[in-house]
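Here the sequence shown stands for residues 119 to 502, numbered as in the UniProt record's numbering.
Some notes on the structure that comes next.
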Amino acid sequence: KGTKTAVARKLSMEMDEKNESRILVFVRLRPMSKKEKEVGSRCCVKIVNKKDVYLTEFGNENDYLRLKRLKGRHFTFDASFPDSSAQCEVYTTTTAELVEAVLQGRNGSVFCYGATGAGKTYTMLGTIDNPGVMVLAIKDLFAKIRQRSFDGNHVVHLSYLEVYNETVRDLLSPGRPLVLREDKQGIAAAGLTQYRAYSTDEVMALLQRGNQNRTTEPTRANETSSRSHAILQVVVEYRVKDASMNVINRVGKLSLIDLAGSERALATDQRTLRSLEGANINRSLLALSSCINALVEHKKHIPYRNSKLTQLLKDSLGGACNTVMIANISPSNVSFGETQNTLHWADRAKEIRTKTCEANEDVLELPETRTADQTKLVLELQKE
Ligand code: ADP
Ligand code: MG
119 KGTKTAVARK
129 LSMEMDEKNE
139 SRILVFVRLR
149 PMSKKEKEVG
159 SRCCVKIVNK
169 KDVYLTEFGN
179 ENDYLRLKRL
189 KGRHFTFDAS
199 FPDSSAQCEV
209 YTTTTAELVE
219 AVLQGRNGSV
229 FCYGATGAGK
239 TYTMLGTIDN
249 PGVMVLAIKD
259 LFAKIRQRSF
269 DGNHVVHLSY
279 LEVYNETVRD
289 LLSPGRPLVL
299 REDKQGIAAA
309 GLTQYRAYST
319 DEVMALLQRG
329 NQNRTTEPTR
339 ANETSSRSHA
349 ILQVVVEYRV
359 KDASMNVINR
369 VGKLSLIDLA
379 GSERALATDQ
389 RTLRSLEGAN
399 INRSLLALSS
409 CINALVEHKK
419 HIPYRNSKLT
429 QLLKDSLGGA
439 CNTVMIANIS
449 PSNVSFGETQ
459 NTLHWADRAK
469 EIRTKTCEAN
479 EDVLELPETR
489 TADQTKLVLE
499 LQKE
């Protein structure tokens, strides 16, 4: 519970004079897989106090003071989840507060970063028995909506898209690639399906189906490595009245992002399409790291336009948004290099500041002659 309050405090209060708050960064270690055990992997990651992460290389060092002196061997995050952490613990600590903020008309985003096989999709989507952050967030969202007195007033829309090989596709109704357009609310994919969701039950099936539409390709490094970035957007719209009895329309947006594997394309040795694809996946992730660098260094120009992914993440990284990053890592010494690389970028992401997010709202112009529904709404709002 201590961590949750720390997160809540950060989201609401820990902004500086410039009205900025920093990205919260978490690390999740997954359990050793059967395959890793079979080849005699040693565990090279130690998590201490649910915060500190030590890379031990030989798996048997306990000399943390020595590791602290070595470059790239000791990191500390807002919270670090050992391999025994349950899905709901990860959800509660990283995302529950963002769901609350979205219900107040603010924006939030969570993205999982890490090498293929490190546990990103497990963390985001999970399984039927162990649903991940995407499903738990929607479940929690509906539970919270039901608790509020003005239910029936909230409208929830979902969209699920992928960026693959610098092409944006709709995962809920696969078809032609989508074009990105910029409007006053930010960058959006034109023609993207907005699925109106009424309950949690339908959502898991919907997301799993969407996930099957994700582009996965066999590579040498991993049989079914996911080569695409998947973004679930949850938009909550509702009406409240302000002090002067105006009806206000509020919109909150939560983006949950499962990035493609961060490993270098060179790790696979297939040529032509596969390496072109690798270059494009890298282009998106490379662009992400350039944006992170530029944001950390307070550069005037942030190169969002260099890739589709960074265009879509523009709001989450540099805009008015509460942003959370979850870095997924494997415990095996075989993945030492990738783990170190992931932790390096996660560590750097801690420096990013986003603008404090105000509620997105518009005064609703209700016509003089109201429909029955509008009259009912105004009466209901006046009762509160
Ligand atoms: P990624 O999406 O990063 O490529 P996955 O999420 O697909 O990786 O994880 C790789 C494998 O490890 C999957 O079989 C997944 O079920 C398993 N796995 C990952 N994280 C965990 C965890 N925390 N607990 C149990 N199994 C996990
Ligand atoms: Mg995956």
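Quick reminder that beta carbons are idealized off the backbone N, C-alpha and C, glycines included.
heavy atom of ligand 3 below 6 Å from residue i C-beta
i: K238; result: Within the structure as shown, ligand 3 is missing, the only ligands being ligand 1 and ligand 2.
Contact belief for residue i with residue j at Cβ below 8 Å, rounded distance in angstroms
i: V354; j: V274; result: 6 Å
i: N440; j: G250; result: Not really, about 19 Å apart at Cβ, beyond 8 Å.
i: D376; j: M242; result: 4 Å
i: L254; j: Y282; result: That belief does not hold up - the Cβ atoms of L254 and Y282 are roughly 26 Å apart, past 8 Å.
i: G477; j: Q222; result: At residue 477 the sequence reads Ala, which differs from the Gly that was named. Their Cβ separation, rounded to whole angstroms, is 6 Å, which keeps A477 and Q222 in contact under 8 Å.
i: E284; j: K426; result: 5 Å
i: E156; j: V452; result: Wrong, their Cβ atoms sit about 12 Å apart, outside the cutoff.
i: I444; j: R160; result: About 24 Å separates the two Cβ atoms, so there is no contact after all.
i: S202; j: F144; result: S202 to F144, Cβ: 15 Å. No contact.
i: T472; j: S151; result: With a Cβ gap of about 35 Å, T472 and S151 do not count as contacting.
beta-carbon residue i near ligand 1 non-hydrogen atom, thresh 6 Å
i: T234; result: yes
i: R345; result: no
i: P295; result: no
i: R332; result: no
i: P200; result: no
i: R148; result: yes
Backbone CA spacing between residue i and residue j [nearest angstrom]
i: V286; j: S362; result: 43 Å
i: E369; j: L325; result: According to the sequence provided, residue 369 is Val. The question's Glu does not apply to it. Rounded to the nearest angstrom, the two C-alpha atoms are 22 Å apart.
i: D387; j: L279; result: Note on D387: pLDDT 39, under 50, position unreliable in the model; the coordinate value appears next. Approximately 28 Å, taken between the alpha carbons.
i: E381; j: E320; result: 34 Å
i: E218; j: L259; result: 8 Å
i: L185; j: A405; result: 31 Å
i: V358; j: S408; result: 40 Å
i: L430; j: A308; result: 12 Å
i: I305; j: V352; result: 15 Å
i: D247; j: R327; result: 16 Å
i: N446; j: T460; result: 8 Å
i: P200; j: L173; result: 13 Å
i: G437; j: R224; result: 12 Å
i: L414; j: D170; result: As written in the sequence, residue 414 is Val, which differs from the Leu given in the question. If you take the alpha carbons of V414 and D170, they lie about 22 Å apart.
i: H419; j: N411; result: 11 Å
i: N271; j: T212; result: 27 Å
i: L310; j: T333; result: 17 Å
i: A261; j: Y182; result: 43 Å
i: C162; j: Y356; result: 48 Å
i: R466; j: M322; result: 33 Å
i: D196; j: P295; result: 37 Å
i: E207; j: G244; result: 13 Å
Opposing strand residues paired with residue i [DSSP bridges]
i: N440; result: G226
i: K371; result: V353
i: L173; result: V163
i: residue 104; result: This structure gives no information on residue 104, because the portion of the chain shown stretches from 119 to 502.
i: D288; result: L279
i: A306; result: R299
i: K359; result: V365
i: residue 75; result: This structure does not reach residue 75, given that the chain is present from 119 up to 502, and the question cannot be answered.
i: A445; result: V145, Y231
i: H192; result: Y172
i: P249; result: G244
i: F260; result: Looking at the DSSP assignment, F260 forms no beta bridge with any residue, so it has no partner.
i: V273; result: E355
i: R140; result: R471
i: A197; result: F144
i: S408; result: Note: S408 sits in no beta bridge, so no partner.
Residue i versus the options, residue with shortest Cα-Cα distance
i: L289; options: L276, E300, M242, R299; result: L276
i: E469; options: K169, V166, T194, L147; result: T194
i: K164; options: M252, E456, A445, E175; result: E175
i: L298; options: R423, F260, V452, A323; result: R423
i: N329; options: D301, P449, S402, K238; result: K238
i: P449; options: E207, L142, R148; result: R148
i: M252; options: Q205, D433, H416; result: Q205
i: V365; options: T211, E479, D433; result: E479
i: A378; options: F199, R187, S198, G232; result: G232
i: T318; options: F454, A236, I263; result: I263
i: A464; options: C230, L350, D181; result: C230
i: L374; options: N367, Y356, I349; result: I349
i: S402; options: L372, K417, S346, E456; result: S346
i: S291; options: D301, Y313, K302; result: Y313
i: T234; options: T457, E300, G158; result: T457
i: I256; options: E300, V166, K417, K371; result: K371
i: L216; options: D301, I141, F454; result: I141
i: D433; options: K302, G455, K168; result: K302
i: V442; options: Y240, T428, A214; result: A214
i: G293; options: A315, E300, N331; result: N331
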